[in-house]
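In terms of the UniProt record's numbering, the sequence shown has 59 at position 59, counting the first letter as 1, and numbering is strictly consecutive.
For each residue, glycine too, the CB sits at the ideal point set by N, CA and C.
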Amino acid sequence: ELNWIAAIRGEAKASSPFADAVTLNETMLLGMVAMRAGQPIRYDGQAGRITNLADANQFLDRHYREGWML
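Encoded structure:
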């Protein structure tokens, strides 16, 4: 935990590089989207959208109720 904070502050190199964590996290979350969609998905990383199953794109965004906007 302390390494992570030090890395954010630029005081140390992260023991798990942030660039690697982004790729790993995106892959894991897309696997969960495919599970929710019930079939394989094709993801365009540049556009940030699923290209073969338009309905699955709903799982990529969070829609907040009125009054709970960020």
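For residue i, which option in the options has the closest C-alpha, if you only look at C-alpha atoms?
i     : options                       : result
Thr51 : Ala34, His63, Arg65 and Tyr64 : Ala34
Arg49 : Pro40, Gln39 and Leu60        : Leu60
Val22 : Gly45, Ile41 and Ala6         : Gly45
Asp55 : Ala7, Gly10, Pro40 and Glu11  : Pro40
Tyr36 : Ala47, Leu53, Leu24 and Asp20 : A small correction: the amino acid at residue 36 is Arg; Tyr does not occupy that position in the sequence shown. Taking only the C-alpha atoms, the option nearest Arg36 is Leu53.
Taking all protein chains shown into account, do 16 or more other C-beta atoms lie within 10 angstroms of the C-beta of residue i, making it buried, or fewer, making it exposed?
i     : result
Tyr64 : exposed
Under three-state DSSP, which class holds residue i?
i     : result
Asp55 : helix
Determine the direct distance from the alpha carbon of residue j to that of residue i, and round the result to whole angstroms.
i     : j     : result
Asn57 : Leu29 : 12 Å
Trp4  : Ala14 : 6 Å
Secondary structure, alpha helix (DSSP H): runs of 4+ residues fully inside the stretch 5-45: 18-37
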